[in-house]
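Numbering (my numbering), first residue to last: 1 to 249. No residue lacks a Cβ here, since even glycine has one placed at the ideal position from N, Cα and C.
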Ligand SMILES: Nc1ncnc2c1ncn2[C@@H]1O[C@H](COP(=O)(O)OP(=O)(O)OP(=O)(O)O)[C@@H](O)[C@H]1O
Ligand SMILES: [Mg+2]
């Protein structure tokens with residue numbers, strides 16, 4: 001069981017963003033997806049849950065091709081894929097508990113007591129115990145990110161897609177969130193894809209790192225492998241040296 005994007009092409013108007021993007025995420029691993037701002041990382045993630053459809057190429061989740069699914073089947077797949085949005089995306093008019101419980105209420109046959117218990121458990125896992133009755137406006141940025149993470153894991157998904165879970169946070173909170181990602185894998189056996197700009201974070205939590213460049217996966221390998229690579233574009237990116245990456249000159 002895995003996530004697979006195969007030769008995915010995606011354009012918006014005349015702007016070609018993905019140009020044959022191929023990536024397999026293996027069961028049980030956490031894969032970090034890196035790449036310049038605007039390179040298409042969020043676009044790639046959105047294909048996995050069918051928020052975007054490829055112009056060409058295929059997306060597979062657990063051996064099922066997303067394009068073949070009926071609407072009800074797509075919802076079933078989405079229940080197995082938690083999505084931590086780049087900008088927390090909590091509903092301001094709802095409490096934290098209601099936000100976290102949203103996906104659970106769509107599961108047929110789940111009692112209110114079971115929902116409350118899951119919400120409690122999810123908030124505990126992200127170190128926000130007892131935050132059920134707060135409103136998003138009462139949370140700090142880091143707490144909002146963690147609440148978004150609690151919502152993504154509440155349904156006990158097999159996969160979690162994290163879109164920049166640590167961007168804009170202080171170094172301590174970053175480390176806490178990285179550890180949470182590691183905990184998701186260890187305690188809930190989650191397979192994860194984490195978009196990040198933070199190389200320290202990628203080295204800490206990822207089993208493998210994939211770099212998106214010019215619409216394709218330019219490199220995929222372990223943290224040790226990427227640190228040794230001779231590829232000048234990859235080196236330029238991870239070391240923050242634009243002179244190595246041609247088009248920034
Ligand atoms: N729904 C959309 N309609 C039109 N253009 C879009 C849409 N979504 C993304 N784009 C464009 O696709 C490109 C890639 O966007 P994307 O959000 O995937 O970048 P990213 O790699 O996630 O960047 P960042 O690191 O800044 O979040 C950008 O040029 C963006 O403007
Ligand atoms: Mg993005």
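Over what stretch of residues does the beta strand (DSSP E) that includes residue i continue unbroken?
i, result
"residue 8", "3-12"
"residue 47", "From DSSP, residue 47 is part of no beta strand (DSSP E) but of the alpha helix (DSSP H) over 41-48."
Comparing the CB of residue i with every heavy atom of ligand 2, is any distance shorter than 8 Å?
i, result
"residue 10", "no"
"residue 163", "yes"
"residue 186", "no"
"residue 143", "no"
At what residues does the alpha helix (DSSP H) containing residue i begin and finish?
i, result
"residue 154", "It is not in any alpha helix (DSSP H) - residue 154 carries neither H nor E in the DSSP assignment."
"residue 181", "171-188"
"residue 123", "112-125"
"residue 102", "96-105"
"residue 226", "223-228"
"residue 76", "71-79"
Excluding the five sequence neighbours on either side, which residues of its own chain have a C-beta within less than 8 Å of the C-beta of residue i, listed in chain order?
i, result
"residue 166", "145, 173, 174, 177, 178, 196, 198, 201"
Leaving aside the five residues before and after residue i along the sequence, list all residues of the same chain whose C-beta is less than 7 Å from its C-beta, in chain order.
i, result
"residue 224", "none"
"residue 90", "99, 136, 144, 147, 148"
Can you grab the Cα-Cα spacing for the pair residue i / residue j, in whole Å?
i, j, result
"residue 153", "residue 27", "17 Å"
"residue 108", "residue 114", "12 Å"
"residue 213", "residue 78", "27 Å"
"residue 204", "residue 70", "38 Å"
"residue 103", "residue 207", "28 Å"
"residue 67", "residue 226", "33 Å"
Indicate, with yes or no, if ligand 1 has a heavy atom lying under 8 Å from the CB of residue i.
i, result
"residue 156", "no"
"residue 23", "no"
Is residue i a contact residue of ligand 4, with contact defined as CB to any heavy atom under 8 Å?
i, result
"residue 197", "Looking at this structure, you won't find ligand 4 anywhere; what it does contain is ligand 1 and ligand 2."
Looking only at its chain, what residues have a beta carbon closer than 6 Å to the beta carbon of residue i, apart from the 5 residues adjacent to it on each side?
i, result
"residue 236", "244, 245"
Next item on the list: Please confirm if the stretch 7-14 is in contact with the stretch 48-63, defined as three or more CB-CB distances below 8 Å between the two stretches.
Entry: At 8 Å Cβ cutoff, the stretches touch.
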